[in-house]
Amino acid sequence: MPKDNQQPHLNTKGKEQHTYDAIVIGSGISGGWAAKELCEKGLKTLVLERGKDVVHLKDYPTATIPNWEFPHRLQHTQKDKVESPVVARCYAYSEATEHFFVKDNDHPYVQEKPFDWIRGYQVGGKSLLWARQTQRWSKYDFEGPARDGFAIDWPIRYKDLEPWYAHVEDFAGISGNRDGLDTLPDGDYLPAWEMNCVEKDIAQKIMGHYKDRHVVQGRCAHLTKPRAIHLEQGRQQCQARTLCERGCPFGGYFSSNASTLPWAAKTGNLTLRPHSVVHSVIYDEKLGKASGVRVIDTLTGESTEYFAKIIFVNAACLNTNLILLNSTSSRFQNGLGNDNGLLGKFIAFHNYRGTVSAAYDGPDDKYYYGRRPTQPMMPNFRNVHQQETDFLRGYMVFFGADRNRGMVDEIGKPLKEAMTEAGEWGISMMMQGETIPKESNHVSLSKTLKDTWGIPQLSISVDYDENDVKSMKDFLMVGSEMLEKAGCKNIQQHDSQQAPGLDIHEMGGVRMGHDSKTSLLDPWNALHHCKNVFVTDGASMVSTSTQNPSLTFMAITARAANHAVEELKKGNL
Ligand SMILES: Cc1cc2nc3c(=O)[nH]c(=O)nc-3n(C[C@H](O)[C@H](O)[C@H](O)COP(=O)(O)OP(=O)(O)OC[C@H]3O[C@@H](n4cnc5c(N)ncnc54)[C@H](O)[C@@H]3O)c2cc1C
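Sequential numbering of the sequence shown, starting at 91, is according to the working numbering.
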């Protein structure tokens, strides 16, 4: 086991048998896409994954267990709080899903400021756990930094990604309506989930009152009506069980495990190596490019090198930053491609602090049937066409209406009887706010602390700023006002004050850009100074938009992978 990150003990046997056309680091949402595209184009591709293998269908141990059969009925235990104090804060963490989250104590990091780093280390990464909301970003998102003068200009625009959004949506299967909004571009969707009667009512009232605000049904990566391409993947119609985070035996939602990785494997070009922590990328000074990666086997502690012509780094935003910072050489003493010293800086995330809840009178004779993996949403309506508030950018809004179970202050029979009746309608609304990337929000390598494999721990210094607080206050006010206009009562505002990270949408640190003085990656996601290394996960983002990010990571990855193959064919890499 190496204790010195510069000099791991190496097993260099059989260079040839360790050589591939491409290496992909990480098998989550973005790594899965890189693997699929590269394998389909005929490249022998090695996917290195630090966690255990999770085979679709076989390794979903809790997928069909009813809630009442779990020892603690899914409640957290003292043990959870001790072993996993951070990940246990994630709403999706329970005894039904804990095996897809890391144990925090096994994977320490330094919180210079409170940061909830939610990680899933296994084949499939967080694609097993995600909530699958998949809106495209709009032209306003890509134009935002240039218009408002923050971060740097995106080197691409919506039009550059549009065909790649279509490409990944087609394969993943996204449900939704075509709503015709320029703030929320449409795709070719599978049928949308329905809003319930109160949601429809509220939507109509909000849109009737505010001409610039739109309520639409959420778009999500669920097969409401599978097409041939989905059946070919072995996936079936979503059964609306909403037990998704346990792994879906129907393949009803998109995950790397159900979709991209088996597809890549079918080509015969994929080698998947679980239990393989990538320590660093190897830079070859003579060739002036990367030649491979150093890997530590987590079961044996043995270090090995693997070689390839191109390397995709898809370890998820912060681990991607860590790997590049740890990839030092005499040419790159501060991390691979880091001539401008900006690697690890301009980290941003989504502001989830604000929520508003309310009650709604009637209709008492109406209910809804079945479960649903999405909910109504409002694309951002703040500062869209011009700057109009005292904070930059905006937020999108999710909301939902449901009927509480009738509850009484008793136990036993009266409680059981009351629970058979539907109670009042309740509304809950939450913001998903854009945060402004700043140099001061950064990650770096600890100079003293290392992990089990001798790799420096990541030190995280990321926080909210005044802009985020103003944006949240605006949402609390505006959200309350919209619910009031929609006829809601007992409106309550709440600031969760949760630490950054719990949104699980971290982005930046290895941003794209035109200029190598102010960015790390070129417009095709290759490092400016090491052209055969591509970063296509959240680390590459220039800004965060207000929309969920993973669909954009997929589209950017597919675009970059296809470009890399073309460049390889031309002999440019
Ligand atoms: C509960 C939850 C809900 C979410 N909801 C949504 C949502 O609705 N919409 C949305 O867009 N996003 C959502 N997300 C976020 C989404 O999961 C991530 O954006 C997405 O998974 C990122 O993809 P990725 O490939 O970058 O990372 P991951 O999917 O996390 O994959 C990274 C992989 O790299 C591996 N790895 C890390 N370091 C190394 C190393 N050194 N060597 C080898 N392998 C390594 C990891 O083990 C992991 O398997 C949610 C996340 C969670 C947890």
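Positions of the beta carbon are idealized from the N, C-alpha and C atoms, including for glycine.
None of these values were measured; they are calculated from a predicted model.
Under 8 Å Cβ to Cβ from Thr273, same chain only, skipping five residues before and after it: list those, please. Taking the first residue of the sequence shown as 1, we reach residue 273 at position 183. Result list for Thr273: Ser228, Tyr230, His304, Pro469, Asn470, Phe471, Val474, in chain order.
Where Arg421 falls: helix, strand or coil (DSSP): If you number the sequence shown from 1, residue 421 lands on position 331. The answer is coil: DSSP assigns Arg421 none of H, G, I, E or B.
Suppose the cutoff is 7 Å on Cβ atoms and the five residues either side in sequence are ignored; what does the same chain contact list for Lys93 look like? For the purposes of this step, residue 93 is taken as residue 3 along the sequence shown, with counting starting at 1. The pLDDT assigned to Lys93 is 40, lower than 50, so where the model puts this residue is not dependable; a value taken from the coordinates is nonetheless given after this. Closer than 7 Å at Cβ, skipping near neighbours: Gly544.
Comparing alpha-carbon positions, which option in Phe624, His146, Thr154, His166 lies nearest Thr410? By 1-based counting over the sequence shown, the position of residue 410 is 320. Looking at the Cα atoms, Phe624 is the closest of the given residues.
Proximal residues to Ser606 (C-beta, below 6 Å), its chain only, five neighbours per side dropped: Along the sequence shown, read from residue 1 onward, the residue named residue 606 stands at position 516. Excluding residues within five positions, the ones whose Cβ falls inside 6 Å are His618.
Supposed contact pair Ile526 and Leu566 - C-beta distance, whole angstroms, cut 8 Å: Start at 1 with the first residue of the sequence shown, and residue 566 comes out as number 476. Start at 1 with the first residue of the sequence shown, and residue 526 comes out as number 436. Incorrect: roughly 19 Å between the Cβ atoms, too far for contact.
Can you tell me whether Pro175 is buried or exposed, with buried defined as 16 or more other CB within 10 angstroms of its CB? As a working mapping, residue 175 is identified with position 85 in the sequence shown. The residue in question, Pro175, is exposed, as its Cβ has fewer than 16 Cβ neighbours within 10 Å.
Taking the C-alpha atoms as reference points, what is the distance between Val559 and Pro339? On the sequence shown, residue 559 is found 469 positions in, with the first residue counted as 1. On the sequence shown, residue 339 is found 249 positions in, with the first residue counted as 1. The alpha-carbon atoms of Val559 and Pro339 are separated by roughly 42 Å.
Taking DSSP as the reference, what is the three-state secondary structure of Arg384? Working through the sequence shown from its first residue, we reach residue 384 at position 294. In this structure, Arg384 counts as strand in the three-state DSSP scheme.
Curious, which full-length beta strand (DSSP E) runs of at least 3 residues does the stretch 442 to 519 contain? 444 to 450, 466 to 468, 485 to 495
Exposure of Val145, with buried meaning 16 or more beta-carbon neighbours within 10 Å: Taking the sequence shown and counting its residues from 1, one reaches residue 145 at position 55. By the neighbour-count rule (16 or more Cβ atoms within 10 Å), Val145 is not buried but exposed.
Hey, would you say Gly122 sits closer than 8 Å to Thr350, going by beta carbons? Counted from its first residue, the sequence shown places residue 122 at position 32. Counted from its first residue, the sequence shown places residue 350 at position 260. Yes, the Cβ-Cβ distance between Gly122 and Thr350 is below 8 Å.
Distance, Cα to Cα, Ala256 vs Lys540? On the sequence shown, position 166 is the one that residue 256 refers to. On the sequence shown, position 450 is the one that residue 540 refers to. Roughly 42 Å between the two C-alpha positions.
Spatial distance of Val52 from Tyr279 (CA atoms): This structure leaves residue 52 out entirely; the chain is present only between 91 and 663.
Cβ shell of Ser265 (< 7 Å), same chain only, five flanking positions each side left out: Residue 265 sits at position 175 when you count from the first residue of the sequence shown. Same-chain partners within the cutoff: Tyr279, Leu280, Pro281, Ala282, Trp283, Arg309, Cys310, His312, Thr314.
Kindly provide the ranges of any alpha helix (DSSP H) runs that are 4 or more residues long and lie completely inside the stretch 291 to 367, ordered along the chain. 318 to 322, 351 to 356
Per DSSP, Tyr396 is paired with what? Counting from 1 along the sequence shown, the entry for residue 396 is found at position 306. Per DSSP, Val383.
Going by the beta-carbon positions, is the gap between Pro186 and Arg336 smaller than 8 Å? Within the sequence shown, numbered from 1, the residue matching residue 186 stands at position 96. Within the sequence shown, numbered from 1, the residue matching residue 336 stands at position 246. The amino acid at residue 186 is misidentified as Pro; the sequence shows Ala. Result yes, Cβ atoms of Ala186 and Arg336 sit closer than 8 Å.
Glu289, buried or exposed, once every other Cβ within 10 Å from all chains shown has been counted against 16: Translated into positions along the sequence shown, residue 289 becomes position 199. That one is buried.
Hey, could you find the ends of the alpha helix (DSSP H) Pro546 is sitting in? By 1-based counting over the sequence shown, the position of residue 546 is 456. No alpha helix (DSSP H) holds Pro546; the beta strand (DSSP E) holding it covers 546 to 551.
Close-in-space but distant-in-sequence residues of the same chain around Asn580 (CB under 7 Å, 5 per side omitted): One-based indexing of the sequence shown puts residue 580 at position 490. If we look at Asn580 and ignore the five residues flanking it on each side, its Cβ neighbours are Ala448, Ala449.
May I ask whether a heavy atom of ligand 1 can be found less than 7 Å away from the beta carbon of Gly391? Numbered from its first residue, the sequence shown carries residue 391 at position 301. The answer is no for Gly391.
Cys578 in three-state terms, based on DSSP: To locate residue 578, count along the sequence shown from 1; it is residue 488. In the structure shown, Cys578 sits in a strand (DSSP, three-state: E or B).
Tell me, which residues are paired with His532 by DSSP? Counting from one through the sequence shown, the residue named residue 532 turns up at place 442. Looking at the DSSP assignment, His532 forms a beta bridge with Lys435, Ser551.
On the CB-based measure, 16 or more other CB atoms within 10 Å of its CB, does Val655 come out buried or exposed? Along the sequence shown, read from residue 1 onward, the residue named residue 655 stands at position 565. Its Cβ being crowded by 16 or more others within 10 Å, Val655 is buried.
Does the distance from the CB of Lys399 to the CB of Leu147 come in under 8 Å? Numbered from 1 along the sequence shown, position 309 holds the residue referred to as residue 399. Numbered from 1 along the sequence shown, position 57 holds the residue referred to as residue 147. Taking 8 Å as the Cβ cut-off, Lys399 and Leu147 do not qualify as a contacting pair.
When burial is assigned at 16 or more other CB atoms within 10 Å of the CB, is Asp243 buried or exposed? Taking the first residue of the sequence shown as position 1, residue 243 is located at position 153. Result: buried.
What I want to know is whether the C-beta of Ser640 ends up closer than 7 Å to one or more non-hydrogen atoms of ligand 1. Position 550 of the sequence shown, counting from 1, holds the residue named residue 640. Correct: Ser640 has its Cβ closer than 7 Å to ligand 1.
Simplified DSSP assignment, three categories, for Tyr279: Mapped onto the sequence shown, residue 279 falls at position 189. If DSSP states are grouped into helix, strand and coil, Tyr279 belongs with coil.
Assigned secondary structure, Asp194 (DSSP; H/G/I helix, E/B strand, else coil): The residue you call residue 194 lines up with position 104 of the sequence shown. Three-state result, Asp194: helix.
Near ligand 1: His108 beta-carbon under 7 Å from a heavy atom: Within the sequence shown, residue 108 is the residue found at index 18, counting from 1. No - ligand 1 has no heavy atom lying nearer than 7 Å to the Cβ of His108.
I need the boundaries of the alpha helix (DSSP H) containing Ile597, first residue and last residue. As a working mapping, residue 597 is identified with position 507 in the sequence shown. In the sequence as displayed, the identity of residue 597 is Met instead of Ile. Here Met597 belongs to no alpha helix (DSSP H); instead the beta strand (DSSP E) covers 597 to 599.
Using the rule of at least 16 other Cβ atoms within 10 Å of the residue's Cβ for burial, across every protein chain shown, is Gln96 buried or exposed? Position 6 of the sequence shown, counted from the start, is the residue given in the question as residue 96. Caution is warranted here: a pLDDT of 45 is assigned to Gln96, below 50, making its placement in the model unreliable, and the coordinate value is therefore given only provisionally. When all chains shown are included, Gln96 counts as exposed.
Short Cβ contact (8 Å threshold) for Phe439 with Asp593: The residue you call residue 439 lines up with position 349 of the sequence shown. The residue you call residue 593 lines up with position 503 of the sequence shown. Yes. Within cutoff.
What residue does the alpha helix (DSSP H) around Cys620 start on, and which one ends it? Position 530 of the sequence shown, counted from the first residue, corresponds to residue 620. Run containing Cys620: none in the alpha helix (DSSP H); it sits in the beta strand (DSSP E), 620 to 625.
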